[in-house]
Amino acid sequence: MATGDTIGASPTLSHEELWMYDRVDTFLEYLRYEENYSENTIGAYRNDLSQFLSFIETTGLDRWDAIKRETIVNFLFHLRDREYASSTVARKMAAVKSFFHHLVQAGEIHDDPTATVDSPKVKKYAPKALTMEEVINLLAEPAKDCSVKGMRDRAMMELLYATGLRVSELVGLQVGDMNLASATLRCRGPRHSERILPIAPRALEALRVYLDRGRIQLLRDSNEQTLFLNMRGGRLTRQGLWLIIRYYVEQAGITAQVTPHTLRHSFAMHQLREGAELSEVQELLGHANISTTQVYAQAQQDRASERERR
Numbered sequence: 019m020a021t022g023d024t025i026g027a028s029p030t031l032s033h034e035e036l037w038m039y040d041r042v043d044t045f046l047e048y049l050r051y052e053e054n055y056s057e058n059t060i061g062a063y064r065n066d067l068s069q070f071l072s073f074i075e076t077t078g079l080d081r082w083d084a085i086k087r088e089t090i091v092n093f094l095f096h097l098r099d100r101e102y103a104s105s106t107v108a109r110k111m112a113a114v115k116s117f118f119h120h121l122v123q124a125g126e127i128h129d130d131p132t133a134t135v136d137s138p139k140v141k142k143y144a145p146k147a148l149t150m151e152e153v154i155n156l157l158a159e160p161a162k163d164c165s166v167k168g169m170r171d172r173a174m175m176e177l178l179y180a181t182g183l184r185v186s187e188l189v190g191l192q193v194g195d196m197n198l199a200s201a202t203l204r205c206r207g208p209r210h211s212e213r214i215l216p217i218a219p220r221a222l223e224a225l226r227v228y229l230d231r232g233r234i235q236l237l238r239d240s241n242e243q244t245l246f247l248n249m250r251g252g253r254l255t256r257q258g259l260w261l262i263i264r265y266y267v268e269q270a271g272i273t274a275q276v277t278p279h280t281l282r283h284s285f286a287m288h289q290l291r292e293g294a295e296l297s298e299v300q301e302l303l304g305h306a307n308i309s310t311t312q313v314y315a316q317a318q319q320d321r322a323s324e325r326e327r328r
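So, in structure tokens, the structure goes:
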């Protein structure tokens, strides 16, 4: 595990309690190397499980098989007493449930104490998407800049909208994932999933310009295979990409609230509006469950109904 990844335990813990912290660290390694979870997801699991272990310390329990359903329910009440949002409680409980499911699968405990504990229901909000006019205005901004930064930013923005990639997937792309001859790219998603996506002509042209003229100017290490580089020649981060998107949103005069996934949401909504099947959009987005994709279809119907009422 990378430096700083371990969960911090109190120095006053017993040997058994320290072992519990070590076991959670091993679980985080499993998520990273076996399940291919992103660093952001692992970080969230680390924080949530650390909070759970801190709660367990107060109970005096020092074995996994000593933790019963009542303990899990009390932890749930503990979270509610701290007035966390339902979505936050649900996320923390999901981490705890995942951990105990892993312990059962590993044969370390026989019964899962979380199995019959329900997490709070979280209201699903319709994804926010840009209008087609807003997308056009947004993508026009980096095209005004002929510098190496403009070439890179235009390629990234065009690719985000043309493919519906997650931000983490975009910054994780390698040069070898691009097949310009077939106008496709290989995307590695969560949990070792992989999908091949078509690249629309506008995005393909922007990508060619970046690869032919832009990336070579940013490259500092000839062994670096990351597709999109920062201005120092290193891998662009999610935070760096978000700052770039926010800059162009402001330049385009877009007042709607925009998040790092807004272009992904816009891609999905516009694909459905243009007649794509829900299953096709599910495949493009890399959703494991079609119910995740259905929120876009519902949002599309809601918008259509709203227009009819006007």
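The working numbering puts the first residue of the sequence shown at 19, with every later residue one more than the last. Ideal placement from N, C-alpha and C gives every residue a C-beta, glycine not left out.
In DSSP terms, what residue i is bridged to
i, result
"residue 216", "202"
"residue 253", "247"
"residue 192", "244"
"residue 197", "202"
Buried versus exposed call for residue i [16 or more other C-beta atoms within 10 Å across all chains shown]
i, result
"residue 317", "buried"
"residue 128", "exposed"
"residue 164", "exposed"
"residue 207", "buried"
"residue 299", "buried"
"residue 225", "buried"
"residue 250", "exposed"
"residue 152", "buried"
"residue 156", "buried"
"residue 245", "buried"
"residue 210", "exposed"
"residue 182", "buried"
"residue 232", "buried"
"residue 289", "buried"
"residue 306", "exposed"
"residue 64", "buried"
"residue 139", "exposed"
Distance, residue j Cα to residue i Cα
i, j, result
"residue 254", "residue 189", "6 Å"
"residue 46", "residue 236", "34 Å"
"residue 239", "residue 124", "42 Å"
"residue 241", "residue 73", "46 Å"
"residue 37", "residue 83", "14 Å"
"residue 262", "residue 217", "21 Å"
"residue 51", "residue 271", "42 Å"
"residue 66", "residue 121", "17 Å"
"residue 60", "residue 68", "12 Å"
"residue 230", "residue 283", "30 Å"
"residue 31", "residue 100", "Because residue 31 carries a pLDDT of 46, less than 50, the predicted location of this residue cannot be relied on, and the following value inherits that uncertainty. Cα to Cα, the separation comes out at about 24 Å."
"residue 220", "residue 267", "19 Å"
"residue 264", "residue 276", "8 Å"
"residue 260", "residue 81", "43 Å"
"residue 286", "residue 154", "16 Å"
"residue 27", "residue 199", "For residue 27, the predicted model reports a pLDDT of 48, less than 50, meaning its position is unreliable and no value from the coordinates is stated."
"residue 303", "residue 313", "13 Å"
"residue 213", "residue 114", "30 Å"
"residue 170", "residue 58", "24 Å"
"residue 202", "residue 49", "29 Å"
"residue 135", "residue 95", "12 Å"
"residue 194", "residue 184", "18 Å"
"residue 309", "residue 78", "41 Å"
"residue 301", "residue 76", "46 Å"
"residue 117", "residue 279", "28 Å"
Simplified DSSP state of residue i, which is helix, strand or coil
i, result
"residue 155", "helix"
"residue 92", "helix"
"residue 316", "helix"
"residue 277", "coil"
"residue 165", "coil"
"residue 27", "Note that residue 27 scores a pLDDT of 48, beneath 50, so its modelled location is shaky and nothing firm can be said."
"residue 210", "helix"
"residue 74", "helix"
"residue 149", "coil"
"residue 138", "coil"
"residue 131", "coil"
"residue 99", "helix"
"residue 120", "helix"
"residue 109", "helix"
"residue 270", "coil"
"residue 40", "helix"
"residue 308", "helix"
"residue 182", "coil"
"residue 263", "helix"
"residue 85", "coil"
"residue 61", "helix"
"residue 239", "coil"
"residue 232", "helix"
Check: residue i C-beta below 7 Å from any heavy atom of the ligand FMN
i, result
"residue 258", "Here there are no bound small molecules, and the ligand FMN is not part of this structure."
Cutoff 8 Å: residue i Cβ touching any chain C Cβ
i, result
"residue 229", "Among the chains of the structure shown, chain C does not appear; only one protein chain is present."
query = So does the stretch 155-164 actually touch the stretch 172-187, counting three or more Cβ pairs closer than 8 Å?
reply = yes
message = Assess contact between the stretch 86-104 and the stretch 130-138, defined as three or more Cβ pairs (one per stretch) separated by less than 8 Å. Is contact present?
response = Output reads yes: the stretch 130-138 touches the stretch 86-104.
inquiry  = When you compare the stretch 185-199 with the stretch 239-258, are there three or more beta-carbon pairs, one atom per stretch, that lie closer than 8 Å?
reply    = yes
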